[in-house]
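There are 2 protein chains.
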Amino acid sequence: MSADVVFTPAGLGPGDVAGRTVFVIDILRATTTMCAALHHGARAVIPVPSVEEALRLADTLGKDEVLLAGERNAVRIEGFHLGNSPREMTPEAVGGRLLVMTTTNGTRALLAAQGAAAVYVAAAANLSAAAARLRESLERGDDVLVLCAGREGQFALDDAYCAGRLLREATRARRLDVPLSDAALASLDLVRRYRDDWALPLGLSQGGRDLARLGMADDLADAGRLDAYPVLAQFHERRVTALKRAA
Amino acid sequence: MSADVVFTPAGLGPGDVAGRTVFVIDILRATTTMCAALHHGARAVIPVPSVEEALRLADTLGKDEVLLAGERNAVRIEGFHLGNSPREMTPEAVGGRLLVMTTTNGTRALLAAQGAAAVYVAAAANLSAAAARLRESLERGDDVLVLCAGREGQFALDDAYCAGRLLREATRARRLDVPLSDAALASLDLVRRYRDDWALPLGLSQGGRDLARLGMADDLADAGRLDAYPVLAQFHERRVTALKRAA
């Protein structure tokens with residue numbers, strides 16, 4: 006049993022995830038948006054690395070079957086039905102639909118986690134559900150990895166704080182004595198620093214400042230709403246689905 | 006003018022350091038040991054990536070000319086004169102000598118910084134000297150990168166805390182208003198968390214715990230002595246030399 010945090014998937018190889026239970030975080034905004042879509046009735050979200058692959062998959066699955074979602078430089082991709090905003094994922098827009106999604110950092114992190122024993126998607130939006138599963142994993146003796154998407158291969162404050170919140174939530178209830186890596190310790194230190202205030206680390210982060218500058222401050226507020234979209238979201242056989250509703 | 010921190014050289018390309026002033030930190034123990042050696046009169050330290058290259062270089066330079074130093078798994082390399090302990094670098098051992106050094110993470114970080122506008126070596130041991138130079142760089146308008154060696158491509162708490170101490174020391178005197186990256190903010194958050202107590206983050210880190218387990222707790226204490234070896238150490242033309250004594 007151990008709990009590790011990685012601040013970016015850069016340099017992560019298949020050997021680093023094999024046998025572990027991985028929780029992928031891209032709170033601004035991919036994993037928040039996935040939770041919103043699944044909570045509001047989307048059947049699944051299929052993350053793909055490129056626009057080309059999204060279009061190809063839409064052709065294969067049938068264009069009427071899928072909604073294309075995603076961003077480049079935070080802006081909706083031309084010709085796509087949806088961007089990467091959780092507020093776009095209304096029941097009317099996504100209920101019963103299959104989403105094919107490509108984002109800058111989040112989908113890359115999910116794809117880097119392929120080959121793990123199990124992969125879940127986490128954000129503030131589903132923190133309690135994800136933390137409950139993380140705690141179960143530790144209690145079973147699993148090795149857990151919290152994988153932050155980061156930003157273009159670098160540390161992102163928003164994801165690192167969310168990783169700390171997830172670990173704290175998972176370990177404090179029953180005082181689990183888990184061996185923690187340096188990055189896990191540092192993420193918990195960020196929680197001590199910012200306490201329960203999502204707005205501060207999200208707003209200070211480069212990702213958050215960019216969204217505010219682009220007029221997307223509402224997305225920032227949405228991403229910091231605890232358990233707003235309370236789904237346990239698993240990435241399995243190339244698609245993210247809701248296993249159950251936590252509330 | 007900007008100040009960035011990178012927690013590991015993994016994924017860092019030549020384009021990421023070009024034009025920037027880089028400060029390399031591997032406080033446990035390579036950069037501490039280099040400061041000790043230079044402070045005690047070594048002419049230079051030449052970092053090399055492998056044992057083979059250390060031996061080859063010793064042949065080229067003349068075996069009587071150089072001292073071989075370095076570790077693998079924290080232990081002195083067989084046949085080498087010195088390990089990677091700052092306490093080995095006494096004036097008697099290293100005065101007037103040229104050291105060829107190979108360590109697991111520190112030399113890798115230095116070599117990743119090649120191609121930068123200027124590269125310095127930093128640790129608690131020379132914090133004031135390094136911070137003074139960092140402040141000068143920012144005042145000139147340079148882009149500064151604090152490059153942590155980390156641990157096998159991952160975040161290391163000891164280096165990250167030292168990065169925060171270096172940034173705080175460099176910016177607080179004149180209230181420089183520097184744009185900070187997410188990693189720079191997080192390293193400053195670690196300083197708020199651990200305050201001025203080097204022993205706590207060094208002792209909690211995996212690197213520190215490993216040294217203690219191997220009976221090298223004295224090295225841990227030595228690495229936390231502020232300005233113990235107060236040299237301004239520059240990496241230039243493949244060798245690290247002392248530019249001047251700060252005290």
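First to last, the sequence lines map onto chains A and B.
With our numbering, letter number 129 in the first sequence gets 134, and the count goes up by one each step, no holes.
With our numbering, letter number 178 in the second sequence gets 183, and the count goes up by one each step, no holes.
Every residue gets a Cβ at the ideal spot worked out from N, C-alpha and C, and that includes glycine.
Bear in mind the structure is a predicted one, so any value in this text is a computation, not a measurement.
Interface flag, residue i vs chain B, CB-CB below 8 Å
{"i": "Val-149 (chain A)", "result": "no"}
{"i": "Ser-7 (chain A)", "result": "no"}
{"i": "Ala-188 (chain A)", "result": "yes"}
{"i": "Leu-209 (chain A)", "result": "yes"}
{"i": "Gln-239 (chain A)", "result": "no"}
{"i": "Asp-229 (chain A)", "result": "Before going further, note that residue 229 (chain A) is Gly rather than Asp in the sequence given. No, Gly-229 (chain A) does not count as interfacial toward chain B."}
{"i": "Ala-15 (chain A)", "result": "yes"}
{"i": "Arg-250 (chain A)", "result": "Confidence in Arg-250 (chain A) is poor, its pLDDT being 48 and thus under 50, which makes the residue's placement too unreliable to answer from."}
{"i": "Ala-191 (chain A)", "result": "yes"}
{"i": "Gly-169 (chain A)", "result": "no"}
{"i": "Gly-24 (chain A)", "result": "no"}
{"i": "Gly-20 (chain A)", "result": "no"}
{"i": "Gly-158 (chain A)", "result": "yes"}
Which listed residue (the options) has its alpha carbon closest to that of residue i
{"i": "Arg-243 (chain B)", "options": "B:Arg-113, B:Asp-201, B:Arg-230, B:Ser-192", "result": "B:Arg-113"}
{"i": "Val-71 (chain B)", "options": "B:Ile-30, B:Arg-102, B:Pro-52, B:Ala-23", "result": "B:Arg-102"}
{"i": "Leu-87 (chain A)", "options": "A:Pro-96, A:Ala-79, A:Gly-75, A:Thr-95", "result": "A:Gly-75"}
{"i": "Leu-171 (chain B)", "options": "B:Ala-41, B:Ala-135, B:Val-80", "result": "B:Ala-135"}
{"i": "Gly-20 (chain A)", "options": "A:Cys-167, A:Ala-121, A:Ser-142", "result": "A:Ala-121"}
{"i": "Leu-116 (chain B)", "options": "B:Val-10, B:Val-27, B:Arg-138", "result": "B:Val-27"}
{"i": "Glu-58 (chain B)", "options": "B:Glu-174, B:Asp-163, B:Thr-107", "result": "B:Thr-107"}
{"i": "Gly-158 (chain A)", "options": "A:Arg-81, A:Leu-60, A:Thr-109, A:Arg-34", "result": "A:Thr-109"}
{"i": "Leu-205 (chain B)", "options": "A:Gly-212, A:Ala-191, A:Pro-206, A:Gly-208", "result": "A:Ala-191"}
{"i": "Gly-24 (chain A)", "options": "A:Gly-146, A:Asp-31, A:Leu-62, A:Ile-82", "result": "A:Gly-146"}
{"i": "Ala-130 (chain A)", "options": "A:Thr-65, A:Ser-142, A:Gly-18, A:Asp-232", "result": "A:Asp-232"}
Cβ of residue i within 8 Å of any chain A Cβ
{"i": "Leu-195 (chain B)", "result": "yes"}
{"i": "Gly-120 (chain B)", "result": "no"}
{"i": "Leu-104 (chain B)", "result": "no"}
{"i": "Leu-162 (chain B)", "result": "yes"}
{"i": "Phe-12 (chain B)", "result": "yes"}
{"i": "Ala-165 (chain B)", "result": "yes"}
{"i": "Ala-129 (chain B)", "result": "no"}
{"i": "Gly-111 (chain B)", "result": "no"}
{"i": "Arg-200 (chain B)", "result": "no"}
With 16 other Cβ atoms within 10 Å as the buried cut-off, status of residue i
{"i": "Gln-119 (chain B)", "result": "exposed"}
{"i": "Asn-78 (chain B)", "result": "exposed"}
{"i": "Pro-14 (chain B)", "result": "buried"}
{"i": "Pro-235 (chain B)", "result": "buried"}
{"i": "Gly-229 (chain A)", "result": "buried"}
{"i": "Gly-67 (chain B)", "result": "exposed"}
{"i": "Pro-54 (chain A)", "result": "exposed"}
{"i": "Leu-185 (chain B)", "result": "buried"}
{"i": "His-44 (chain B)", "result": "buried"}
{"i": "Arg-138 (chain B)", "result": "buried"}
{"i": "Ala-252 (chain A)", "result": "At Ala-252 (chain A) the pLDDT is 44, less than 50, meaning the model places this residue with poor confidence; the figure from the coordinates comes in the next sentence. Exposed: under 16 other Cβ atoms inside 10 Å."}
{"i": "Asp-9 (chain B)", "result": "buried"}
{"i": "Asp-69 (chain B)", "result": "exposed"}
{"i": "Val-80 (chain A)", "result": "exposed"}
{"i": "Val-213 (chain B)", "result": "Before going further, note that residue 213 (chain B) is Gly rather than Val in the sequence given. Burial call: buried."}
Cβ pair residue i, residue j closer than 8 Å
{"i": "Val-124 (chain B)", "j": "Val-56 (chain B)", "result": "no"}
{"i": "Met-6 (chain A)", "j": "Asp-148 (chain A)", "result": "yes"}
{"i": "Pro-91 (chain A)", "j": "Asp-224 (chain A)", "result": "yes"}
{"i": "Leu-195 (chain B)", "j": "Asp-194 (chain A)", "result": "yes"}
{"i": "Cys-167 (chain A)", "j": "Ala-128 (chain A)", "result": "yes"}
{"i": "Ala-49 (chain A)", "j": "Val-99 (chain A)", "result": "no"}
{"i": "Val-183 (chain B)", "j": "Met-39 (chain B)", "result": "no"}
{"i": "Asp-163 (chain A)", "j": "Leu-132 (chain A)", "result": "no"}
{"i": "Ala-35 (chain B)", "j": "Leu-104 (chain B)", "result": "no"}
{"i": "Asp-31 (chain A)", "j": "Gly-111 (chain A)", "result": "yes"}
{"i": "Ala-161 (chain B)", "j": "Gly-169 (chain B)", "result": "no"}
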